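Here the structure comes first, spelled out in structure tokens, and everything after it is commentary.
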Amino acid sequence: MTGVVFDFGNVLYPFDSGRMARTLAGEAGLRLLSGFVGSPLQVAYETGRANLDDVLAGFAKMGFPVSRERFLEAFLAVFDPVEGMASLVENLAARRPLGLLSNTCPEHARLFIETVPELRRIPARVYSFEVGQMKPHPEIYRAAARAMDLPPEELVFTDDIPDLAAAAGAVGMTGIPFHGAADLARHLAGLG
Numbered sequence: 151m152t153g154v155v156f157d158f159g160n161v162l163y164p165f166d167s168g169r170m171a172r173t174l175a176g177e178a179g180l181r182l183l184s185g186f187v188g189s190p191l192q193v194a195y196e197t198g199r200a201n202l203d204d205v206l207a208g209f210a211k212m213g214f215p216v217s218r219e220r221f222l223e224a225f226l227a228v229f230d231p232v233e234g235m236a237s238l239v240e241n242l243a244a245r246r247p248l249g250l251l252s253n254t255c256p257e258h259a260r261l262f263i264e265t266v267p268e269l270r271r272i273p274a275r276v277y278s279f280e281v282g283q284m285k286p287h288p289e290i291y292r293a294a295a296r297a298m299d300l301p302p303e304e305l306v307f308t309d310d311i312p313d314l315a316a317a318a319g320a321v322g323m324t325g326i327p328f329h330g331a332a333d334l335a336r337h338l339a340g341l342g
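Sequence positions in the sequence shown follow the numbering used here and run 151 to 342.
So, in structure tokens, the structure goes:
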């Protein structure tokens, strides 16, 4: 193993989409969320084929009109740091190339992920909206390897969704399901 690639949501920062829904529209927001998560609109947004205006128009069609400002306020307030990960990243960065691979949209990437000081130690970043594919598509894992300038076989990828961690194996990466910083540290130590 040469390098480590992290998923963002629920690995480096927990993602609580229910918080966004409650902030936007209380309990009714949970209905909005269930209509959005996994929908063609969400996939289009996170693969760069739709923009924020398209999402807001989709929400309005679902009966939840919301301003851009209110949406962004709620949308960017869904993350908190995962305990132990900042120190693990700091430790690894001194010895290994690090990367980030995330299914996400431009607003989360540019207005949150790119502004988090603790993530400055992760220079290689690959986002689904830039690649035009989401995990588990093999191309997004290949894009991460290219961004790190390493062959996939020299990379470990961790994700909180076991199937997405396993899918990294299709391109030669070692996939590790994420179950906390201490568990990941043990797995990485076992890989040398």
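Don't be surprised by glycine CBs; every beta carbon is placed ideally from N, CA and C. This one's a predicted model, so the numbers in the text were calculated from it and none came from an experiment.
Next on the checklist: In the DSSP assignment, the alpha helix (DSSP H) including G340 goes from what residue to what residue?
Outcome noted: 331-340
Item to check | Inter-residue spacing [alpha-carbon to alpha-carbon] between K211 and S217 | outcome: 14 Å
Checklist entry - Should the segment 152-166 be regarded as contacting the segment 229-247, the criterion being three or more beta carbon pairs within less than 8 Å? => result yes
Checklist entry - What do you get for H258, buried or exposed, if any count of 16 or more other CB atoms within 10 angstroms of its CB means buried? => result buried
Next on the checklist: Suppose the cutoff is 6 Å on Cβ atoms and the five residues either side in sequence are ignored; what does the same chain contact list for V205 look like?
Outcome noted: Y195
Item to check | Reduced DSSP secondary structure (H/G/I, E/B, other) of P312 | outcome: helix
Next on the checklist: Just to check my reading of the structure: L182 and F209 have Cβ atoms closer than 8 Å, yes? What is that Cβ distance to the nearest angstrom?
Outcome noted: 7 Å
Checklist entry - In angstroms, rounded to a whole number, what distance separates the CA positions of P247 and P267? => result 18 Å
Next on the checklist: Would A332 and G325 be called neighbours here (beta carbons separated by less than 9 Å)?
Outcome noted: no
Checklist entry - Considering only C-alpha positions, which residue in the set I263, D299, G282, G188 is nearest to D157? => result I263
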